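Order-wise, the sequence lines are chains Y and B. Numbering-wise, numbering that gives the first Met the number 0 puts 92 at position 93 of the first sequence, and it's gapless, one number per residue. Numbering-wise, numbering that gives the first Met the number 0 puts 25 at position 26 of the second sequence, and it's gapless, one number per residue. Even glycine gets a Cβ: it sits at the ideal position worked out from N, Cα and C. Keep in mind the model is a prediction, meaning the values are calculated, not measured. Notes follow the structure.
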Amino acid sequence: MAEEVVLLDFWPSPFGMRSRIALAEKGIKYEYKEEDLRNKSALLLQMNPVHKKIPVLIHNGKPVCESLIQVQYIDEVWHDKAPLLPSDPYQKATARFWADYVDKKIYDLGSRVWKTKGEEQATAKKEFIETLKLMEKELGDKPYFGGESLGYVDVAFIPFYSWFYAYEKCGNFSIEAECPKLIAWAKRCMQKESVAKSLPDQQKVYDFILEMKKRFGIE
Amino acid sequence: MAVVKLFGAWLSPYCYRVIWALKVKGIAYEYIEEDLSNKSPLLLQYNPIHKKIPVLLHDDKPICESTVILRYIDEIWPQNPLLPADPHERAVALFWIKFADDKSPLISKLFRTDGEEQQAVAKECFEMLEVLEEHALIGGKKFFGGDEINMVDIAFCSVAHWLGVIEDFAGLKIFEPHKFPRLNSWIQNFKSVPVIKDNLPDTDKMLALLKRRREMLLASKSS
């Protein structure tokens, strides 16, 4: 039976990017469907009735929701190529812990950096940098969080790199100055076709953020 | 033989998730009770990032975050599996476990808030229960795991036990059995399972501790 894979997504979503990267790493052909989040499709509402959010991965008509669950699903089903999770249970647990940490911290702190100003923004910037430094420490001397090759934590984290320029411009700070090793890791990831094809241009993301700020009245 | 240790706190639902998983698998472990107001150097060493319980120690290797621990336990000890084998069914189970992880903090937030803020939290709790009733328990299953409990049932322990105790304590009525018939059946079934029934924190003890904690919270708010 021919495999039918559809991804319901929204181009600037770092969560959607995770699934794009995983599918590209495995060389899976799929149909990409761009959602207008102000006018969600009937398909999206049907496939994710609980949260009504993207991304949604639809494999042979069956939906998988939540980006990290999608990445794990893709890794399990197409297990012959480019494994993303380690096979050792303890290393797997460590990878899951750090992906969970990215989920808990990066998106919210990054959002606070571009959505707020003054003291609130200063606090968000400080916490954001602290979080990045912790990730840098976890990376250590490895080329990737996954070791010698791109792994689960890399896939979970690298999408946010496409938002770094926007964070820097809104927050008036340099991430590379604070976390040079992390930026080196990010550039290394961007040399991979699966990542480069899946992440939008940073200027485009910044323009999108500016539009969001205007729309929500954040100056 | 590998040594298994669990750092926990007797009031924490996240701690019980791990206890039940270990018991379902028949794994012997040493339990170490942590005083959360005075965390031990060992806990801070094993969980420097979050400094929280539960922490599982297996062969001196620490694993943190209850859901990460549950998946680790399920992989190391495959007997009595806690997740479906089919990848899509497993993805659905993981979806509900994430939902439980994201929403369970609302229940303890009920306890930490009052007035208008508490009412807003109560409304969110009610909406969470509505989602479970409408989407999660369809098909007339006894448990989320089918005929036996699995990781999803374990993940919703806050709804099964902690919610009721906090409602009693705060004088709230969010969960009404007639409004949530499927959920009500599930709670009764879940709490009748021997490994759960025999390993639940005593309700009276919980209420007494909640009362003391609430007093401390109010005292620190006013100072």
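Considering residue i, what are the terminal residues of the beta strand (DSSP E) in which it resides?
| i | result |
| --- | --- |
| His87/B | Note, His87/B: premise wrong, no beta strand (DSSP E); alpha helix (DSSP H) at Pro86 to Arg111. |
| Ile105/Y | From DSSP, Ile105/Y is part of no beta strand (DSSP E) but of the alpha helix (DSSP H) over Pro88 to Lys114. |
| Lys4/B | Val3 to Gly7 |
| Lys60/B | Lys60 to Cys63 |
| Ile57/Y | Val55 to His58 |
| Val120/B | Here Val120/B belongs to no beta strand (DSSP E); instead the alpha helix (DSSP H) covers Gly114 to Val130. |
| Leu209/Y | No beta strand (DSSP E) contains Leu209/Y, which is instead part of the alpha helix (DSSP H) from Gln201 to Arg214. |
| His49/B | Where His49/B is concerned, there is no enclosing beta strand (DSSP E), given that its DSSP letter is neither H nor E. |
| Leu199/B | Per DSSP, Leu199/B belongs to no beta strand (DSSP E) and is neither H nor E. |
| Val54/B | Val54 to His57 |
Are residue i and residue j touching if we call contact CB-CB under 8 Å?
| i | j | result |
| --- | --- | --- |
| Gly15/Y | Pro62/Y | no |
| Trp19/B | Ile106/B | no |
| Gly109/Y | Trp184/Y | no |
| Val194/B | Lys38/B | no |
| Val112/Y | Tyr160/Y | no |
| Leu6/Y | Leu56/Y | yes |
| Ala92/Y | Val67/B | yes |
| Glu24/Y | Leu138/Y | no |
| Ile20/Y | Val194/Y | yes |
| Pro199/Y | Arg17/Y | no |
| Tyr143/Y | Ala98/Y | no |
| Ile52/B | Leu41/B | no |
| Glu177/Y | Ile128/Y | yes |
| Met134/Y | Leu67/Y | no |
| Leu84/Y | Gln71/Y | yes |
| Leu35/B | Arg111/B | no |
Residue i lies in the alpha helix (DSSP H); which residues open and close that run?
| i | result |
| --- | --- |
| Cys64/Y | Element bounds for Cys64/Y: not the alpha helix (DSSP H) but the beta strand (DSSP E), Lys61 to Cys64. |
| Tyr160/Y | Note, Tyr160/Y: premise wrong, no alpha helix (DSSP H); not H, not E. |
| Leu82/B | No alpha helix (DSSP H) holds Leu82/B; DSSP gives it neither H nor E. |
| Leu42/B | Pro40 to Tyr45 |
| Asp146/B | No alpha helix (DSSP H) contains Asp146/B, which DSSP labels as neither H nor E. |
| Leu21/B | Pro12 to Val23 |
| Val194/Y | Glu192 to Ala195 |
| Leu182/B | Pro180 to Ser191 |
| Leu138/Y | Gly117 to Leu138 |
Have a look at the options and flag the residue whose alpha-carbon is nearest the alpha-carbon of residue i.
| i | options | result |
| --- | --- | --- |
| His57/B | Asn183/B, Ile148/B, Thr66/B and Tyr71/B | Tyr71/B |
| Cys156/B | Ala119/B, Lys102/B, Gly114/B and Ala121/B | Lys102/B |
| Gly146/Y | Cys188/Y, Asn59/Y and Lys52/Y | Cys188/Y |
| Leu22/Y | His58/Y, Leu42/Y and Pro48/Y | His58/Y |
| Ile26/B | Leu10/B, Lys50/B, Pro77/B and Leu206/B | Pro77/B |
| Trp95/B | Lys186/Y, Gly60/Y, Val49/Y and Leu198/Y | Val49/Y |
| Leu131/Y | Pro85/Y, Cys64/Y, Leu36/Y and Lys103/Y | Lys103/Y |
| Val3/B | Tyr13/B, Lys24/B, Glu166/B and Trp9/B | Lys24/B |
| Lys190/B | Phe125/B, Met127/B and Gly163/B | Gly163/B |
| Val130/B | Thr112/B, Val158/B and Glu74/B | Val158/B |
| Lys141/B | Ile75/B, Ser184/B and Pro104/B | Ser184/B |
| Gln120/Y | Pro88/Y, Lys141/Y, Ser86/Y and Gly170/Y | Gly170/Y |
| Met127/B | Asp146/B, Asp100/B and Gly138/B | Asp100/B |
| His134/B | Arg181/B, Ala8/B and Lys196/B | Arg181/B |
| Asp107/Y | Lys80/Y, Glu3/Y, Thr122/Y and Gly216/Y | Thr122/Y |
Once you ignore the five residues that flank residue i on each side, which residues in its own chain have a CB closer than 7 Å to its CB?
| i | result |
| --- | --- |
| Ser40/Y | Glu34 |
| Gly225/B | The structure shown has nothing for residue 225/B, since chain B only spans 0 to 222. |
| Pro82/Y | Asp74 |
| Tyr1/B | Reading off the sequence, residue 1/B comes out as Ala, not Tyr. Around Ala1/B: His57 and Asp58. |
| Phe207/Y | Pro11 |
| Ala121/B | Leu109, Leu171 and Ile173 |
| Pro83/B | Arg89 and Ala92 |
| Leu36/Y | Phe9 |
| Phe179/B | Leu128 and Glu132 |
Quick one: what's got a C-beta closer than 6 Å to residue i's C-beta in the same chain, skipping five residues either side?
| i | result |
| --- | --- |
| Val54/B | Phe6, Tyr45, Asn46, Pro61 and Cys63 |
| Glu30/Y | Val5 |
| Phe168/B | Leu206 and Leu209 |
| Ala8/B | Cys14, Glu33, Leu35 and Ile52 |
If you reduce the DSSP assignment to three classes, tell me which class residue i lands in.
| i | result |
| --- | --- |
| Leu36/Y | coil |
| Ile173/B | coil |
| Leu42/Y | helix |
| Glu32/B | strand |
| Leu208/B | helix |
| Tyr164/Y | helix |
| Glu3/Y | coil |
| Gly15/Y | helix |
| Phe168/B | helix |
| Tyr29/Y | coil |
| His78/Y | coil |
| Leu181/Y | helix |
| Glu49/Y | One point to set straight first is that residue 49/Y is Val, not Glu, in the sequence displayed. Of the three classes helix, strand and coil, the one that applies to Val49/Y here is coil, per DSSP. |
| Gly145/Y | coil |
| Asp73/B | helix |
Leaving out five residues before and five after residue i in sequence, what residues of the same chain have Cβ atoms less than 8 Å from its Cβ?
| i | result |
| --- | --- |
| Val204/Y | Pro11, Ser161, Trp162, Tyr164 and Ala165 |
| Glu29/B | Val2, Val3, Lys4 and Leu5 |
May I ask whether a heavy atom of the ligand NAD can be found less than 7 Å away from the beta carbon of residue i?
| i | result |
| --- | --- |
| Tyr100/Y | Among the ligands in the structure shown, none appear at all, so the ligand NAD cannot be discussed. |
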